[in-house]
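Q: Submitted below is the structure of interest, expressed as structure tokens.
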Amino acid sequence: MVRNIYPKKNYPKPCMPKVEHSKILKGQKALVTGASSGIGKAVALALGKAGASVLINYVTDDGTVEEMIKEIKGYGSQAIGFQADVSKEPQVLAMYEAMFKKFGTIDILVNNAGIQRDSPFDQMTLAQWQAVIDVNLTGQFLCAREAVKEFKRRGVVESVSCAAGKIICMSSVHEVIPWGGHVNYASSKGGVMQLMKSIAQEMAPFRIRVNSIGPGAIKTPINHDAWATPEALKSLLTLIPYQRIGIPEDIANVAVWLASDYSDYVTGTTIFADGGMTLYPGFSTGG
Ligand code: BGC
Numbered sequence: 000m001v002r003n004i005y006p007k008k009n010y011p012k013p014c015m016p017k018v019e020h021s022k023i024l025k026g027q028k029a030l031v032t033g034a035s036s037g038i039g040k041a042v043a044l045a046l047g048k049a050g051a052s053v054l055i056n057y058v059t060d061d062g063t064v065e066e067m068i069k070e071i072k073g074y075g076s077q078a079i080g081f082q083a084d085v086s087k088e089p090q091v092l093a094m095y096e097a098m099f100k101k102f103g104t105i106d107i108l109v110n111n112a113g114i115q116r117d118s119p120f121d122q123m124t125l126a127q128w129q130a131v132i133d134v135n136l137t138g139q140f141l142c143a144r145e146a147v148k149e150f151k152r153r154g155v156v157e158s159v160s161c162a163a164g165k166i167i168c169m170s171s172v173h174e175v176i177p178w179g180g181h182v183n184y185a186s187s188k189g190g191v192m193q194l195m196k197s198i199a200q201e202m203a204p205f206r207i208r209v210n211s212i213g214p215g216a217i218k219t220p221i222n223h224d225a226w227a228t229p230e231a232l233k234s235l236l237t238l239i240p241y242q243r244i245g246i247p248e249d250i251a252n253v254a255v256w257l258a259s260d261y262s263d264y265v266t267g268t269t270i271f272a273d274g275g276m277t278l279y280p281g282f283s284t285g286g
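Take the sequence shown: its letter number 184 is residue 183 in numbering that gives the first Met the number 0, and every next letter is one higher.
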């Protein structure tokens, strides 16, 4: 077990800005994949709150999507749900058809859908490898390609945004931090980094901005075992200098900014929102 070298203090709970931002995404149309739980859900709600119309993509839904639609409508924005597996091309095409039928176009894509199928490397099946690459990497490719087609067709609409379109890829600290026992996942996120950068490079002249968010440990169902018991949480905190686990809203706040014109000169970069996980915390006393 790793020793927690951080002082025992009453660190603040997750913390939100004291002043609400206004409708900085008013008039924009957003598509968020994997949006019925965790980070995707928080991002979809935050974009809706900031004034964007939102297509909530999901694979499974226990009634959450209906509640989210209600909440977003309560903010004065429009919302629809659409079931599609982002790794299946026909389903992605059908989703974009629904997007264009309902909202006419797309301004913001949040490529969020992602899965983990963890296994020791020498026991990893091809099915576990493939499932993760299919959803986490191929899914982002398919959704980004369709968004870019529409961004290029339509171009900049100055009254809506400085850019012709924005793509936000949900990556991970594991685009740079190797992760034993999760080789498929880390490989997919390393791939997402080059997918994001290469699209950003190719599409910048068309005023299409492409960036990633690299979340650290965010309290969601995907990493339940890492925070569910006090022992697990204690061990997790040895990896987080900021000494708290993240919450989905920590990521949603970054997504709203990256989708807005406040970040108009930002393209081709990953913003790590990780409480310092990528700062090699093991070196704070050693090396
Ligand atoms: C993974 C989580 C993990 C976190 C930090 C994320 O990308 O999905 O399971 O807790 O990285 O290791």
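Glycine is no exception: its CB is placed at the ideal position from the N, C-alpha and C atoms.
#1: If you check the beta carbons only, do Ile198 and Val209 fall under 8 Å apart?
#2: Any idea which residues DSSP pairs Met169 with across the strands?
#3: Can you look up Ala43 in the DSSP assignment and give me helix, strand or coil?
#4: Since Cys142 and Thr32 are thought to touch, with beta carbons under 8 Å apart, how far apart are those beta carbons, to the nearest angstrom?
#5: If we call anything under 8 Å between Cβ atoms a contact, is Gly138 one with Ser86?
#6: Would you identify the three-state DSSP class for Tyr261, choosing helix, strand or coil?
#7: Could you tell me if the beta carbon of Gln127 falls within a distance shorter than 7 Å of some heavy atom in the ligand BGC?
#8: Quick check: what's the CA-CA separation for Gly164 versus Asn183?
#9: Counting C-beta neighbours from all protein chains within 10 Å, is the total for Gly228 16 or more, i.e. buried, or is it exposed?
#10: Using beta-carbon positions only, say whether Ala29 and Asp106 come within less than 8 Å of one another.
#11: Check whether the Cβ of His173 lies closer than 7 Å to any heavy atom of the ligand BGC, and answer yes or no.
#12: Cβ of Ile132 within 8 Å of Cβ of Ser187?
#13: Figure out for me which residue from Glu174, Gln242 and Phe102 has the closest Cα to the Cα of Lys196.
#14: For Ala150, collect the residues of the same chain with a Cβ closer than 6 Å to its Cβ; drop the 5 residues on either side in sequence, then sort them by chain order.
A: Taking the coordinates as given:
#1: yes
#2: Ile212
#3: helix
#4: 6 Å
#5: yes
#6: helix
#7: no
#8: 30 Å
#9: Residue identity check: residue 228 is Thr in the sequence provided, not Gly. Thr228 is exposed by the Cβ-count criterion.
#10: yes
#11: yes
#12: yes
#13: Glu174
#14: Inspection of the sequence shows that residue 150 is occupied by Phe rather than by Ala. So the list reads Ala163, Gly164 and Ile207, once near-sequence residues are dropped.
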